[in-house]
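**Q**
Residue numbers (my numbering), protein chains in the order written: chain U, 1 to 101; chain W, 1001 to 1244.
1. Measure the beta-carbon distance from residue 1088 of chain W to residue 1141 of chain W and round it to whole angstroms, keeping in mind my assumption that it falls under 8 Å.
2. Please name the residue in W:1016, W:1005 and W:1007 whose C-alpha comes closest to that of residue 1211 of chain W.
3. Using the Cα positions of residue 1311 of chain W and residue 1104 of chain W, report the straight-line distance between them to the nearest angstrom.
4. Counting only Cβ pairs nearer than 9 Å, list the residues of chain W close to residue 76 of chain U.
5. Beta-carbon separation of residue 1120 of chain W and residue 1075 of chain W under 8 Å?
6. Any idea what DSSP makes of residue 1043 of chain W, helix, strand or coil?
7. Of all Cβ atoms in chain U, is any one closer than 8 Å to the Cβ of residue 1035 of chain W?
8. Report the residue from W:1007, W:1101 and W:1146 whose alpha carbon sits nearest the alpha carbon of residue 101 of chain U.
9. Alpha carbon to alpha carbon, what distance is there between residue 1041 of chain W and residue 1057 of chain W?
10. Verify the CB distance criterion: does residue 1116 of chain W have a CB-CB separation below 8 Å to chain U?
11. Can you look up residue 76 of chain U in the DSSP assignment and give me helix, strand or coil?
12. In chain U, which residues lie with their C-beta within 8 Å of the C-beta of residue 1017 of chain W?
13. With a cut-off of 8 Å on the beta carbons, I'd call residue 1047 of chain W and residue 1020 of chain W a contact; round off their distance for me.
14. Are the beta-carbon atoms of residue 1033 of chain W and residue 75 of chain U separated by less than 8 Å?
15. At the 8 Å Cβ level, is residue 1097 of chain W part of the contact set with chain U, yes or no?
16. Which of helix, strand or coil does DSSP assign to residue 98 of chain U?
17. Given a cut-off of 8 Å on the beta-carbon distance, is the pair residue 59 of chain U and residue 85 of chain U in contact?
18. Looking at the strands, I want to know which residues DSSP matches up with residue 1052 of chain W.
19. Which residues of chain U have a Cβ atom closer than 8 Å to the Cβ of residue 1237 of chain W, listed in chain order?
20. Is it buried or exposed, residue 1102 of chain W, if we count other Cβ atoms within 10 angstroms and call 16 or more buried?
21. Hey, is the stretch 1118-1134 of chain W in contact with the stretch 79-94 of chain U, meaning 3+ C-beta pairs nearer than 8 Å?
22. Run down chain U in chain order and give the residues with a C-beta less than 8 Å from the C-beta of residue 1093 of chain W.
23. Please identify the residue among W:1179, W:1092 and W:1069 whose C-alpha is closest to the C-alpha of residue 1025 of chain W.
24. For chain W, is any of its Cβ atoms less than 8 Å away from the one on residue 61 of chain U?
25. Mind listing, in chain order, the continuous alpha helix (DSSP H) runs of no fewer than 4 residues lying wholly within the stretch 1049-1128 of chain W?
26. Taking the continuous alpha helix (DSSP H) assigned at residue 45 of chain U, which residues delimit it?
27. Could you check how far apart the C-beta atoms of residue 45 of chain U and residue 17 of chain U are, in whole angstroms? I think they sit under 8 Å.
28. Let me know if residue 1232 of chain W comes out buried or exposed under the rule of 16 or more other beta-carbons within 10 Å of its beta-carbon.
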């Protein structure tokens, strides 16, 4: 059997700038250790697809400047309110939106 | 909230619960504590045979999550769903995406999250709003996420039924294809509601009743059984209305 176990840092190395990345999001089951590594690695220009609604992972990656295009049906922090980074960058025109209504 | 004082949201919850029919398959989506409470109240009172799926409910067991829930709607198994909007217009269109120009928005909002599909595929839609003013009820929405009932699509399963706000119960009038005032909520006159709505509510020549009074029994079920269930799903909302 090939050992497929990787550390979060090793997994994050597979994500490079310019890639199209899908992330299970909403406000539960977010892969936070990997996301932190992606941000630390200074990854840019991602196309990010949230599966299904985007929550804090999507907002964090957008806020950290990792994302140029986001594909989404909704980005919101559920009960905690609007996603501030998404809102700010979208209002500033700094984010390309592929929105499913 | 306790005693005889009634929070405006409690009133809305009760009004919504009365609009739920027994036997319906009902679902509520993201950021929908008021409909969730209304559905739970209905289930604990007159609508014991409803099947309710409340987004965020830890007890909800659908094996494939929202995909499965969306699939149920596609197949015509969803009777009632709740939506809201940052803008709602006379035709019953809702906007959940942007205020202002889409490319250069004044305000970017979360987005529709399948509201378009659900608006077409659920048999009935009830809209709820946390406020009632002319910024929300506008002549024409800036962006359409979902329509009430439009003739331009070849087929849709259902349409808008009612809108519940802190001031009023509105309904979708199929004949005029527009939203009209159905009943006032306690404390608000028809005139108050007209002044806070940015379009004509079709009240001319019609008698507009006030909703039936909220009963002690409705309130006690809401503040008892329903509240303990709702705290598992919307803890912050419950703390805000009823304290921790």
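Where a beta carbon is used, it is the ideal one built from N, C-alpha and C, also for glycine.
**A** Straight from the coordinates:
1. Rounded, the Cβ-Cβ distance is 7 Å, consistent with contact.
2. Nearest option by C-alpha distance: W:1016.
3. In the structure as shown, chain W begins at 1001 and stops at 1244. Residue 1311 of chain W is therefore absent and cannot be evaluated.
4. Residues of chain W passing the Cβ test: 1030, 1031, 1109, 1110, 1111 and 1113.
5. For residue 1120 of chain W and residue 1075 of chain W, no; Cβs fall outside 8 Å.
6. DSSP places residue 1043 of chain W in helix when its eight states are reduced to three.
7. No, no contact with chain U.
8. Per the Cα distances, W:1146.
9. Near 15 Å, if we compare the C-alpha coordinates of residue 1041 of chain W and residue 1057 of chain W.
10. At least one chain U Cβ lies under 8 Å of residue 1116 of chain W.
11. Looking at residue 76 of chain U - three-state DSSP - the assignment turns out to be strand.
12. Within chain U, no residue has its CB atom less than 8 Å from the CB of residue 1017 of chain W, the nearest being about 21 Å off.
13. Indeed, because the Cβ distance is near 5 Å, the residues count as touching under 8 Å.
14. Note that the C-beta distance between residue 1033 of chain W and residue 75 of chain U is not below 8 Å.
15. At least one CB of chain U lies nearer than 8 Å to the CB of residue 1097 of chain W.
16. Here residue 98 of chain U sits in strand by DSSP.
17. Using a Cβ distance threshold of 8 Å, residue 59 of chain U and residue 85 of chain U count as a contacting pair.
18. Paired residues: W:1026.
19. Chain U residues near residue 1237 of chain W: 79.
20. Residue 1102 of chain W is exposed by the Cβ-count criterion.
21. Taking one beta carbon from each stretch, the stretch 1118-1134 of chain W and the stretch 79-94 of chain U have fewer than 3 pairs nearer than 8 Å; the two do not touch.
22. Correct list: empty, because the minimum Cβ distance to chain U is about 12 Å.
23. Closest option to residue 1025 of chain W, Cα to Cα, is W:1069.
24. No - not a single Cβ of chain W is within 8 Å of the one on residue 61 of chain U.
25. 1065-1074 and 1115-1121, all fully within the stretch 1049-1128 of chain W.
26. Where residue 45 of chain U is concerned, there is no enclosing alpha helix (DSSP H), given that its DSSP letter is neither H nor E.
27. Under the criterion of beta carbons closer than 8 Å, residue 45 of chain U and residue 17 of chain U qualify as touching, at roughly 5 Å.
28. Under this definition residue 1232 of chain W is an exposed residue.
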